[in-house]
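Counting from 1, position 246 in the sequence shown corresponds to residue 246 in full-length UniProt numbering; the numbering is continuous, with no gaps.
Even for Gly, the Cβ is constructed at its ideal location relative to N, Cα and C.
The structure presented is a predicted model; accordingly, all values stated were derived computationally and were not measured.
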Amino acid sequence: MAEALQQLILDTLNQLSVIHDTRALVIPGQTGPAASQDAQIAVLGALNSLQSREMISYETHETSSHVLTPEGAQIVLQGSHEARVWAALPIKGEGEPIGVQDLKRKIGDEAAKVGQSRAFKNGWITKEGSGFVKAVPTIQDITQLELREVDSTGTLKAGEKAVAELRKRKLIVQRKGQWFTVHKGPNFSTSIAKPETDLTVDMLTSGSWKSATFKKYNFEADGIPTSGGAFHPLLKVREEIRNIFFEMGFEEMPTNSFVESGFWCFDTLFVPQLHPARELQDTFYLSDPSTSLRPPEDYYKRVATVHEKGGYGSIGYRTPWSDEESHKLLLRTHTTATSGAMLYKLAARCRGETIDEHGNVGDSGGDGFRPAKLFSIDRVFRNETMDATHLAEFHQVEGVVADRNLTLADLIGFMRVFFKKMGVTDLRFKPAYNPYTEPSLEIFAFHPMLQKWVEIGNSGMFRAEMLGPMGLPKDVRVHGWGISLERPTMIRYGINNIRTLVGHKTSIEGVETSPAVMF
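See the structure below:
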(Lines of atoms letter the chains of each structure in order from A; the text may use other names.)
(Lines give C-alpha, C1' and ligand atoms only; values in the text may rest on other atoms or scores of the structure.)
Protein backbone atom coordinates (compact mmCIF):
# COMPACT_ATOMS: atom_id res chain seq x y z
CA MET A 1 0.00 0.00 0.00
CA ALA A 2 2.73 2.52 0.98
CA GLU A 3 4.88 1.82 -2.10
CA ALA A 4 1.84 1.85 -4.41
CA LEU A 5 0.82 5.26 -3.05
CA GLN A 6 4.34 6.63 -3.49
CA GLN A 7 4.37 5.37 -7.09
CA LEU A 8 0.95 6.97 -7.72
CA ILE A 9 2.21 10.34 -6.49
CA LEU A 10 5.36 10.16 -8.65
CA ASP A 11 3.47 9.08 -11.78
CA THR A 12 0.83 11.78 -11.31
CA LEU A 13 3.50 14.40 -10.69
CA ASN A 14 5.35 13.27 -13.81
CA GLN A 15 2.18 13.84 -15.89
CA LEU A 16 0.99 17.11 -14.30
CA SER A 17 4.28 18.67 -13.08
CA VAL A 18 2.35 19.86 -9.98
CA ILE A 19 -0.33 18.12 -7.91
CA HIS A 20 -2.43 21.05 -6.75
CA ASP A 21 -4.71 19.06 -4.45
CA THR A 22 -4.01 15.53 -3.21
CA ARG A 23 -7.70 15.07 -2.44
CA ALA A 24 -8.18 14.50 -6.19
CA LEU A 25 -5.95 11.41 -6.18
CA VAL A 26 -7.53 8.01 -6.71
CA ILE A 27 -5.81 6.14 -3.89
CA PRO A 28 -5.28 2.36 -4.45
CA GLY A 29 -7.02 0.18 -1.90
CA GLN A 30 -9.01 3.16 -0.53
CA THR A 31 -12.75 2.47 -0.50
CA GLY A 32 -13.77 5.89 0.81
CA PRO A 33 -13.18 9.33 -0.70
CA ALA A 34 -9.61 10.52 -1.20
CA ALA A 35 -10.47 13.59 0.89
CA SER A 36 -11.13 11.47 4.00
CA GLN A 37 -8.92 11.95 7.02
CA ASP A 38 -7.50 8.40 6.90
CA ALA A 39 -6.66 8.79 3.21
CA GLN A 40 -4.78 12.04 3.76
CA ILE A 41 -2.83 10.52 6.67
CA ALA A 42 -1.69 7.78 4.29
CA VAL A 43 -0.77 10.42 1.70
CA LEU A 44 1.23 12.36 4.30
CA GLY A 45 3.28 9.26 5.15
CA ALA A 46 4.07 8.69 1.47
CA LEU A 47 4.99 12.36 0.97
CA ASN A 48 7.36 12.36 3.96
CA SER A 49 9.12 9.26 2.66
CA LEU A 50 9.60 10.79 -0.79
CA GLN A 51 10.64 14.17 0.62
CA SER A 52 13.34 12.54 2.78
CA ARG A 53 14.94 11.40 -0.50
CA GLU A 54 14.47 14.89 -2.02
CA MET A 55 12.26 13.43 -4.77
CA ILE A 56 9.41 15.84 -4.03
CA SER A 57 8.49 18.84 -1.90
CA TYR A 58 5.03 19.65 -0.64
CA GLU A 59 2.92 22.33 1.02
CA THR A 60 0.27 21.64 3.66
CA HIS A 61 -3.21 23.19 3.64
CA GLU A 62 -5.49 22.97 6.67
CA THR A 63 -9.24 22.42 6.28
CA SER A 64 -12.18 22.60 8.66
CA SER A 65 -15.59 21.03 8.08
CA HIS A 66 -18.50 19.52 9.98
CA VAL A 67 -19.92 16.01 10.04
CA LEU A 68 -23.15 14.59 11.47
CA THR A 69 -23.34 12.86 14.80
CA PRO A 70 -25.42 9.63 14.99
CA GLU A 71 -28.35 11.72 16.27
CA GLY A 72 -27.91 14.17 13.38
CA ALA A 73 -27.88 11.32 10.85
CA GLN A 74 -31.12 10.01 12.33
CA ILE A 75 -32.77 13.43 11.91
CA VAL A 76 -31.74 13.50 8.23
CA LEU A 77 -33.71 10.27 7.74
CA GLN A 78 -36.69 10.76 10.10
CA GLY A 79 -36.97 14.53 10.63
CA SER A 80 -36.19 16.67 13.66
CA HIS A 81 -37.66 15.91 17.06
CA GLU A 82 -39.93 18.97 16.90
CA ALA A 83 -41.18 18.02 13.39
CA ARG A 84 -41.96 14.47 14.54
CA VAL A 85 -43.94 15.85 17.52
CA TRP A 86 -45.93 18.13 15.20
CA ALA A 87 -46.60 15.27 12.76
CA ALA A 88 -47.92 13.03 15.56
CA LEU A 89 -50.58 15.55 16.69
CA PRO A 90 -54.06 16.27 15.21
CA ILE A 91 -54.99 19.68 13.79
CA LYS A 92 -56.68 21.88 16.33
CA GLY A 93 -60.45 21.25 16.30
CA GLU A 94 -60.18 18.14 14.09
CA GLY A 95 -59.24 15.46 16.56
CA GLU A 96 -58.70 14.45 20.17
CA PRO A 97 -55.65 16.13 21.77
CA ILE A 98 -52.78 13.76 22.50
CA GLY A 99 -51.32 13.63 26.03
CA VAL A 100 -47.64 13.40 26.98
CA GLN A 101 -47.64 9.65 27.66
CA ASP A 102 -49.37 8.83 24.37
CA LEU A 103 -46.92 11.09 22.55
CA LYS A 104 -43.96 9.26 24.11
CA ARG A 105 -45.39 5.91 23.05
CA LYS A 106 -45.77 7.13 19.46
CA ILE A 107 -42.36 8.75 18.86
CA GLY A 108 -40.22 7.76 21.85
CA ASP A 109 -39.28 9.40 25.17
CA GLU A 110 -36.29 11.43 23.95
CA ALA A 111 -37.98 12.75 20.79
CA ALA A 112 -41.11 13.70 22.75
CA LYS A 113 -39.16 15.42 25.49
CA VAL A 114 -36.85 17.45 23.22
CA GLY A 115 -39.35 18.00 20.38
CA GLN A 116 -42.18 19.21 22.60
CA SER A 117 -40.30 22.24 23.93
CA ARG A 118 -38.82 23.18 20.55
CA ALA A 119 -42.22 22.78 18.78
CA PHE A 120 -43.78 25.12 21.37
CA LYS A 121 -40.93 27.60 20.83
CA ASN A 122 -41.49 27.51 17.06
CA GLY A 123 -45.26 28.01 17.53
CA TRP A 124 -46.03 24.69 15.80
CA ILE A 125 -48.15 23.16 18.58
CA THR A 126 -50.41 24.36 21.36
CA LYS A 127 -51.90 22.93 24.51
CA GLU A 128 -55.59 21.99 24.56
CA GLY A 129 -57.09 20.50 27.69
CA SER A 130 -54.74 17.83 29.01
CA GLY A 131 -53.07 17.25 25.65
CA PHE A 132 -51.51 18.90 22.58
CA VAL A 133 -52.67 19.74 19.06
CA LYS A 134 -51.17 21.33 15.94
CA ALA A 135 -51.18 25.12 15.95
CA VAL A 136 -50.36 25.47 12.22
CA PRO A 137 -51.39 23.32 9.23
CA THR A 138 -47.88 23.12 7.66
CA ILE A 139 -44.26 23.51 8.76
CA GLN A 140 -40.78 23.62 7.22
CA ASP A 141 -38.25 21.39 9.03
CA ILE A 142 -35.28 23.78 8.92
CA THR A 143 -33.14 21.54 11.16
CA GLN A 144 -33.47 18.57 8.80
CA LEU A 145 -32.68 20.74 5.78
CA GLU A 146 -29.57 22.21 7.42
CA LEU A 147 -28.28 18.80 8.42
CA ARG A 148 -28.76 17.50 4.86
CA GLU A 149 -26.68 20.42 3.62
CA VAL A 150 -23.93 19.70 6.17
CA ASP A 151 -23.99 16.01 5.24
CA SER A 152 -23.48 16.73 1.54
CA THR A 153 -21.07 19.69 1.66
CA GLY A 154 -19.55 19.75 5.17
CA THR A 155 -20.58 23.41 5.49
CA LEU A 156 -23.73 25.48 6.05
CA LYS A 157 -24.68 28.61 4.08
CA ALA A 158 -26.93 29.85 6.90
CA GLY A 159 -23.86 31.13 8.72
CA GLU A 160 -21.98 30.65 12.00
CA LYS A 161 -25.03 31.22 14.21
CA ALA A 162 -26.87 28.26 12.67
CA VAL A 163 -23.71 26.10 12.86
CA ALA A 164 -23.25 27.01 16.53
CA GLU A 165 -26.87 26.03 17.26
CA LEU A 166 -26.45 22.60 15.63
CA ARG A 167 -23.18 22.04 17.49
CA LYS A 168 -24.87 23.07 20.75
CA ARG A 169 -27.57 20.48 20.10
CA LYS A 170 -24.78 17.92 19.44
CA LEU A 171 -26.11 17.18 15.98
CA ILE A 172 -22.82 18.01 14.22
CA VAL A 173 -19.14 18.03 15.22
CA GLN A 174 -16.22 19.89 13.72
CA ARG A 175 -13.59 17.88 11.83
CA LYS A 176 -10.19 19.25 10.93
CA GLY A 177 -8.29 17.87 7.98
CA GLN A 178 -5.49 18.69 5.60
CA TRP A 179 -4.53 18.34 1.96
CA PHE A 180 -1.30 18.93 0.10
CA THR A 181 0.17 20.59 -2.98
CA VAL A 182 3.10 18.57 -4.35
CA HIS A 183 6.09 19.73 -6.47
CA LYS A 184 9.03 17.89 -8.03
CA GLY A 185 12.23 17.76 -5.99
CA PRO A 186 15.90 17.89 -7.08
CA ASN A 187 16.11 14.07 -7.14
CA PHE A 188 12.73 13.53 -8.81
CA SER A 189 12.31 10.17 -10.51
CA THR A 190 9.44 7.85 -11.23
CA SER A 191 11.39 4.99 -9.67
CA ILE A 192 10.86 4.43 -5.93
CA ALA A 193 13.93 2.22 -5.49
CA LYS A 194 15.34 3.12 -2.09
CA PRO A 195 18.92 4.46 -1.97
CA GLU A 196 21.62 2.31 -0.42
CA THR A 197 22.49 3.00 3.19
CA ASP A 198 25.70 0.93 3.47
CA LEU A 199 28.74 0.37 1.30
CA THR A 200 29.22 -3.42 1.32
CA VAL A 201 32.10 -5.70 0.37
CA ASP A 202 30.02 -7.17 -2.47
CA MET A 203 29.41 -3.71 -3.91
CA LEU A 204 33.13 -2.94 -3.84
CA THR A 205 34.00 -6.28 -5.41
CA SER A 206 31.45 -6.06 -8.23
CA GLY A 207 31.85 -2.33 -8.80
CA SER A 208 28.09 -1.76 -8.45
CA TRP A 209 28.79 1.05 -6.02
CA LYS A 210 29.70 3.29 -8.98
CA SER A 211 26.11 3.39 -10.26
CA ALA A 212 24.36 2.99 -6.93
CA THR A 213 22.44 5.82 -5.27
CA PHE A 214 23.32 6.33 -1.63
CA LYS A 215 21.22 7.89 1.07
CA LYS A 216 22.55 11.21 2.30
CA TYR A 217 24.30 10.90 5.67
CA ASN A 218 22.40 12.66 8.43
CA PHE A 219 24.92 14.25 10.76
CA GLU A 220 22.10 15.55 12.99
CA ALA A 221 20.70 12.09 13.80
CA ASP A 222 21.19 10.69 17.28
CA GLY A 223 23.42 7.66 17.51
CA ILE A 224 22.33 4.36 19.00
CA PRO A 225 22.75 4.54 22.79
CA THR A 226 25.78 2.56 23.87
CA SER A 227 25.04 -0.32 26.21
CA GLY A 228 27.37 -1.24 29.01
CA GLY A 229 27.62 -2.25 32.62
CA ALA A 230 25.99 -0.21 35.39
CA PHE A 231 26.28 -0.25 39.14
CA HIS A 232 23.23 -1.61 40.96
CA PRO A 233 21.68 0.86 43.46
CA LEU A 234 22.82 -1.42 46.31
CA LEU A 235 26.42 -1.15 45.12
CA LYS A 236 26.16 2.64 44.88
CA VAL A 237 24.87 2.99 48.43
CA ARG A 238 27.39 0.39 49.63
CA GLU A 239 30.25 2.42 48.20
CA GLU A 240 28.97 5.59 49.87
CA ILE A 241 28.82 3.85 53.27
CA ARG A 242 32.28 2.31 52.75
CA ASN A 243 33.69 5.77 52.09
CA ILE A 244 32.14 7.06 55.33
CA PHE A 245 33.81 4.25 57.27
CA PHE A 246 37.17 4.88 55.61
CA GLU A 247 36.85 8.61 56.30
CA MET A 248 36.37 7.80 59.99
CA GLY A 249 39.49 5.62 60.09
CA PHE A 250 37.93 2.16 59.94
CA GLU A 251 39.51 -0.98 58.48
CA GLU A 252 37.39 -3.39 56.43
CA MET A 253 37.01 -6.93 57.78
CA PRO A 254 37.34 -10.00 55.53
CA THR A 255 33.79 -11.34 55.21
CA ASN A 256 34.21 -13.87 52.39
CA SER A 257 33.19 -16.80 54.59
CA PHE A 258 29.46 -17.28 54.02
CA VAL A 259 29.50 -20.64 55.85
CA GLU A 260 30.19 -20.55 59.58
CA SER A 261 29.97 -22.97 62.46
CA GLY A 262 27.47 -22.65 65.25
CA PHE A 263 30.42 -21.86 67.51
CA TRP A 264 31.58 -18.72 65.66
CA CYS A 265 28.10 -17.58 64.62
CA PHE A 266 26.42 -18.05 68.02
CA ASP A 267 28.47 -19.58 70.86
CA THR A 268 31.38 -17.15 70.84
CA LEU A 269 28.84 -14.27 70.86
CA PHE A 270 27.22 -15.68 74.01
CA VAL A 271 24.01 -16.62 72.20
CA PRO A 272 22.48 -19.53 74.19
CA GLN A 273 22.33 -22.89 72.45
CA LEU A 274 18.57 -23.03 73.08
CA HIS A 275 17.95 -19.59 71.53
CA PRO A 276 15.04 -19.55 68.99
CA ALA A 277 17.30 -17.97 66.33
CA ARG A 278 19.23 -21.27 66.17
CA GLU A 279 16.19 -23.31 65.15
CA LEU A 280 15.57 -24.62 61.62
CA GLN A 281 12.79 -22.12 60.92
CA ASP A 282 15.24 -19.23 61.37
CA THR A 283 18.62 -20.56 60.19
CA PHE A 284 19.82 -22.43 57.08
CA TYR A 285 21.91 -25.49 58.10
CA LEU A 286 24.18 -27.44 55.73
CA SER A 287 23.61 -31.14 55.16
CA ASP A 288 26.90 -31.99 53.43
CA PRO A 289 29.27 -31.32 55.08
CA SER A 290 27.22 -30.91 58.22
CA THR A 291 29.92 -30.34 60.86
CA SER A 292 32.91 -28.03 61.17
CA LEU A 293 36.49 -28.48 62.33
CA ARG A 294 37.10 -27.82 66.02
CA PRO A 295 38.09 -24.25 66.98
CA PRO A 296 41.20 -23.60 69.20
CA GLU A 297 40.71 -25.99 72.10
CA ASP A 298 41.50 -23.67 75.02
CA TYR A 299 39.21 -20.94 73.68
CA TYR A 300 36.49 -23.47 72.97
CA LYS A 301 36.62 -24.69 76.58
CA ARG A 302 36.44 -21.14 77.98
CA VAL A 303 33.36 -20.36 75.85
CA ALA A 304 31.68 -23.63 76.87
CA THR A 305 32.39 -22.92 80.53
CA VAL A 306 30.96 -19.40 80.55
CA HIS A 307 27.80 -20.71 78.83
CA GLU A 308 27.35 -23.65 81.19
CA LYS A 309 28.71 -22.36 84.51
CA GLY A 310 29.33 -18.63 84.12
CA GLY A 311 32.36 -16.45 84.75
CA TYR A 312 33.57 -12.87 84.29
CA GLY A 313 30.86 -11.67 86.68
CA SER A 314 28.12 -13.82 85.12
CA ILE A 315 26.31 -16.99 86.21
CA GLY A 316 25.99 -18.17 82.59
CA TYR A 317 22.94 -19.91 81.19
CA ARG A 318 23.17 -22.96 83.48
CA THR A 319 22.17 -25.33 80.65
CA PRO A 320 24.07 -28.41 79.36
CA TRP A 321 26.63 -27.64 76.65
CA SER A 322 26.22 -29.48 73.31
CA ASP A 323 29.30 -30.13 71.17
CA GLU A 324 27.01 -31.23 68.35
CA GLU A 325 25.14 -27.89 68.34
CA SER A 326 28.40 -25.96 68.42
CA HIS A 327 29.91 -27.82 65.44
CA LYS A 328 26.94 -27.52 63.06
CA LEU A 329 27.70 -25.78 59.76
CA LEU A 330 25.28 -23.05 58.64
CA LEU A 331 24.90 -20.03 56.38
CA ARG A 332 25.85 -17.12 58.61
CA THR A 333 22.89 -15.21 60.00
CA HIS A 334 24.94 -12.06 60.67
CA THR A 335 28.42 -10.71 59.94
CA THR A 336 28.97 -10.43 63.71
CA ALA A 337 30.45 -13.93 63.37
CA THR A 338 33.39 -12.30 61.56
CA SER A 339 33.51 -9.49 64.14
CA GLY A 340 33.84 -12.09 66.90
CA ALA A 341 36.67 -13.87 65.07
CA MET A 342 38.49 -10.55 64.49
CA LEU A 343 38.19 -9.62 68.17
CA TYR A 344 39.58 -13.05 69.13
CA LYS A 345 42.60 -12.41 66.88
CA LEU A 346 42.99 -8.96 68.47
CA ALA A 347 43.03 -10.58 71.92
CA ALA A 348 45.59 -13.15 70.76
CA ARG A 349 47.85 -10.36 69.57
CA CYS A 350 47.65 -8.85 73.06
CA ARG A 351 49.02 -12.14 74.40
CA GLY A 352 51.78 -12.24 71.82
CA GLU A 353 50.08 -14.86 69.66
CA THR A 354 49.01 -15.04 66.04
CA ILE A 355 46.00 -16.95 64.65
CA ASP A 356 46.13 -18.18 61.04
CA GLU A 357 43.10 -18.87 58.81
CA HIS A 358 42.94 -22.47 60.09
CA GLY A 359 42.88 -21.39 63.76
CA ASN A 360 46.50 -22.42 64.45
CA VAL A 361 48.23 -20.40 67.18
CA GLY A 362 51.74 -18.98 66.69
CA ASP A 363 54.11 -16.63 68.51
CA SER A 364 54.12 -12.98 67.40
CA GLY A 365 56.57 -11.70 70.00
CA GLY A 366 53.81 -9.78 71.82
CA ASP A 367 53.03 -6.18 70.96
CA GLY A 368 50.17 -5.50 73.40
CA PHE A 369 46.70 -4.13 72.84
CA ARG A 370 46.01 -1.59 70.12
CA PRO A 371 42.63 0.13 69.60
CA ALA A 372 40.75 -1.13 66.55
CA LYS A 373 37.97 0.18 64.34
CA LEU A 374 36.55 -2.47 62.00
CA PHE A 375 33.61 -2.63 59.62
CA SER A 376 32.02 -4.97 57.08
CA ILE A 377 29.24 -4.82 54.48
CA ASP A 378 28.26 -8.23 53.19
CA ARG A 379 25.53 -10.82 52.72
CA VAL A 380 23.81 -12.77 55.47
CA PHE A 381 21.14 -15.48 55.29
CA ARG A 382 18.03 -16.08 57.37
CA ASN A 383 15.08 -18.40 56.85
CA GLU A 384 12.62 -15.51 56.48
CA THR A 385 9.16 -15.50 54.94
CA MET A 386 9.65 -13.27 51.91
CA ASP A 387 7.44 -10.19 51.54
CA ALA A 388 7.74 -6.55 50.49
CA THR A 389 10.38 -5.82 53.18
CA HIS A 390 12.04 -9.20 53.85
CA LEU A 391 14.24 -11.58 51.87
CA ALA A 392 16.04 -14.75 52.87
CA GLU A 393 19.31 -13.16 51.72
CA PHE A 394 20.23 -9.54 52.43
CA HIS A 395 23.18 -7.31 53.34
CA GLN A 396 24.29 -6.24 56.80
CA VAL A 397 26.38 -3.15 57.52
CA GLU A 398 28.35 -3.69 60.74
CA GLY A 399 30.87 -1.66 62.68
CA VAL A 400 33.05 -2.47 65.71
CA VAL A 401 35.16 -0.12 67.86
CA ALA A 402 37.49 -1.59 70.51
CA ASP A 403 39.35 0.66 72.97
CA ARG A 404 40.01 1.10 76.65
CA ASN A 405 37.32 2.51 78.95
CA LEU A 406 34.67 3.16 76.28
CA THR A 407 31.20 4.09 77.57
CA LEU A 408 27.64 4.04 76.29
CA ALA A 409 27.85 7.81 75.82
CA ASP A 410 30.77 7.26 73.42
CA LEU A 411 28.61 4.84 71.43
CA ILE A 412 25.70 7.31 71.19
CA GLY A 413 28.05 10.14 70.20
CA PHE A 414 29.67 8.00 67.55
CA MET A 415 26.26 6.95 66.16
CA ARG A 416 25.23 10.60 65.80
CA VAL A 417 28.40 11.43 63.85
CA PHE A 418 28.11 8.33 61.63
CA PHE A 419 24.47 8.88 60.69
CA LYS A 420 24.97 12.61 60.20
CA LYS A 421 27.45 11.75 57.45
CA MET A 422 24.65 9.68 55.90
CA GLY A 423 22.34 12.71 56.01
CA VAL A 424 20.31 11.50 59.02
CA THR A 425 20.26 13.95 61.93
CA ASP A 426 17.04 13.27 63.88
CA LEU A 427 17.93 10.20 65.97
CA ARG A 428 16.42 8.49 68.98
CA PHE A 429 17.80 5.60 71.01
CA LYS A 430 15.64 3.01 72.76
CA PRO A 431 16.84 0.38 75.28
CA ALA A 432 16.71 -3.15 73.86
CA TYR A 433 17.96 -6.69 74.48
CA ASN A 434 20.63 -8.57 72.53
CA PRO A 435 22.33 -11.76 73.77
CA TYR A 436 25.83 -10.41 73.11
CA THR A 437 25.49 -6.71 74.04
CA GLU A 438 24.65 -5.07 77.35
CA PRO A 439 23.49 -2.33 77.43
CA SER A 440 21.77 -2.50 74.00
CA LEU A 441 20.12 0.26 71.99
CA GLU A 442 17.75 0.30 69.03
CA ILE A 443 18.34 3.30 66.74
CA PHE A 444 15.37 5.22 65.32
CA ALA A 445 15.36 8.04 62.77
CA PHE A 446 12.57 10.41 61.76
CA HIS A 447 11.48 9.67 58.18
CA PRO A 448 10.39 13.01 56.59
CA MET A 449 8.42 11.33 53.76
CA LEU A 450 6.57 8.89 56.03
CA GLN A 451 6.32 11.51 58.80
CA LYS A 452 7.11 8.97 61.50
CA TRP A 453 10.02 7.42 63.40
CA VAL A 454 11.43 4.22 61.86
CA GLU A 455 14.00 1.78 63.22
CA ILE A 456 17.23 1.95 61.23
CA GLY A 457 19.68 -0.10 63.30
CA ASN A 458 20.74 -1.92 66.45
CA SER A 459 23.73 -1.33 68.70
CA GLY A 460 25.27 -1.99 72.07
CA MET A 461 28.38 -2.72 74.18
CA PHE A 462 29.68 -6.30 73.78
CA ARG A 463 29.19 -8.31 76.96
CA ALA A 464 31.99 -9.38 79.27
CA GLU A 465 30.85 -13.02 78.78
CA MET A 466 31.81 -12.59 75.10
CA LEU A 467 35.03 -10.56 75.48
CA GLY A 468 36.41 -12.30 78.60
CA PRO A 469 36.95 -15.78 77.10
CA MET A 470 38.76 -14.16 74.16
CA GLY A 471 41.42 -12.84 76.52
CA LEU A 472 41.00 -9.09 75.97
CA PRO A 473 42.22 -6.85 78.82
CA LYS A 474 39.54 -6.15 81.44
CA ASP A 475 39.44 -2.41 80.73
CA VAL A 476 38.85 -2.89 76.98
CA ARG A 477 35.29 -2.17 75.89
CA VAL A 478 33.83 -2.82 72.44
CA HIS A 479 31.05 -0.96 70.64
CA GLY A 480 29.05 -2.86 68.04
CA TRP A 481 26.22 -1.79 65.76
CA GLY A 482 24.53 -2.90 62.59
CA ILE A 483 22.10 -1.67 59.94
CA SER A 484 20.76 -3.20 56.76
CA LEU A 485 21.95 -2.04 53.34
CA GLU A 486 18.62 -2.61 51.62
CA ARG A 487 16.48 -0.30 53.78
CA PRO A 488 18.47 2.94 53.23
CA THR A 489 18.76 2.04 49.52
CA MET A 490 14.98 1.62 49.19
CA ILE A 491 14.38 4.93 50.97
CA ARG A 492 17.01 6.71 48.89
CA TYR A 493 15.56 5.50 45.55
CA GLY A 494 11.87 5.52 46.52
CA ILE A 495 11.46 1.71 46.28
CA ASN A 496 8.63 0.24 48.37
CA ASN A 497 9.07 -3.46 47.54
CA ILE A 498 12.42 -5.15 48.17
CA ARG A 499 11.58 -7.80 45.54
CA THR A 500 11.92 -5.13 42.85
CA LEU A 501 15.31 -4.06 44.23
CA VAL A 502 16.99 -7.46 43.86
CA GLY A 503 16.04 -10.62 41.96
CA HIS A 504 14.35 -11.39 38.67
CA LYS A 505 11.82 -8.55 39.06
CA THR A 506 14.53 -5.88 39.05
CA SER A 507 14.21 -3.37 36.22
CA ILE A 508 17.42 -3.44 34.13
CA GLU A 509 16.51 -0.03 32.72
CA GLY A 510 16.05 1.26 36.27
CA VAL A 511 19.51 0.01 37.24
CA GLU A 512 21.07 1.70 34.21
CA THR A 513 19.36 5.05 34.81
CA SER A 514 19.43 5.25 38.62
CA PRO A 515 21.44 8.28 39.73
CA ALA A 516 24.56 8.12 41.86
CA VAL A 517 23.90 8.62 45.57
CA MET A 518 25.57 11.25 47.71
CA PHE A 519 24.78 11.38 51.41
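With a threshold of 16 other CB atoms inside 10 Å of the CB of residue i, please say whether the residue is buried or exposed.
i      : result
Leu326 : One detail in the question is off: residue 326 reads as Ser in this sequence, not Leu. Buried, by the Cβ-count rule.
Asp267 : buried
Gly413 : exposed
Lys134 : buried
Ile315 : exposed
Ala112 : buried
Asn243 : exposed
Phe214 : exposed
Ile508 : exposed
Ser64  : exposed
Gly340 : buried
Ala402 : buried
Thr197 : exposed
Lys194 : exposed
Ile498 : buried
Glu94  : exposed
Tyr58  : buried
Thr489 : buried
Ser261 : buried
Gly228 : exposed
Leu199 : exposed
His334 : buried
Gln6   : buried
Arg294 : exposed
Considering only the beta carbon of each residue, do residue i and residue j sit closer than 9 Å?
i      : j      : result
His307 : Tyr299 : no
Ser49  : Ala4   : no
Gly131 : Glu82  : no
Pro289 : Leu329 : yes
Leu147 : Ile75  : yes
Arg84  : Gly123 : no
Leu171 : Thr69  : yes
His66  : Arg169 : no
Tyr433 : Gly480 : no
Gly457 : Arg302 : no
Thr338 : Ser292 : no
Ile56  : Leu44  : no
Gly311 : Thr305 : yes
Thr181 : Ile19  : yes
Glu438 : Lys430 : no
Pro233 : Ile495 : yes
Leu331 : Val380 : yes
Asp141 : Ser80  : yes
Lys236 : Ala516 : yes
Since I believe residue j is in contact with residue i (beta carbons under 8 Å), could you give me their beta-carbon distance rounded to a whole number of angstroms?
i      : j      : result
Ala88  : Leu103 : 6 Å
Glu149 : Lys157 : 7 Å
Val424 : Ala445 : 5 Å
Thr255 : Asp378 : 4 Å
Val476 : Val400 : With a Cβ gap of about 12 Å, Val476 and Val400 do not count as contacting.
Leu286 : Val259 : 7 Å
Ser484 : Met415 : No, Ser484 and Met415 are not in contact; Cβ-Cβ is about 16 Å, not under 8 Å.
Glu393 : Gly482 : Not really, about 16 Å apart at Cβ, beyond 8 Å.
What residue range does the alpha helix (DSSP H) around residue i cover?
i      : result
Ala304 : Glu297 to Glu308
Phe120 : Asp109 to Asn122
Val150 : Ile142 to Thr153
Glu165 : Glu160 to Lys168
Val85  : His81 to Ala88
Asp323 : Asp323 to Ser326
Ile9   : Ala2 to Leu16
Gly340 : Thr336 to Cys350
Thr513 : Ile508 to Thr513
Taking the continuous beta strand (DSSP E) assigned at residue i, which residues delimit it?
i      : result
Ile377 : Ala372 to Phe381
Thr181 : Ile172 to Lys184
Thr126 : Ile125 to Glu128
Val401 : Glu393 to Arg404
Val133 : Gly131 to Lys134
Leu330 : Leu329 to Leu331
Inside the region 407 to 494 only - alpha helix (DSSP H) runs reaching at least 4 residues: 408 to 421, 464 to 467 and 486 to 493
What alpha helix (DSSP H) runs, 4 residues minimum, are completely inside the region 52 to 78? 70 to 78
Any alpha helix (DSSP H) of 4 or more consecutive residues that is wholly inside the region 200 to 288: 201 to 206, 233 to 247 and 262 to 265
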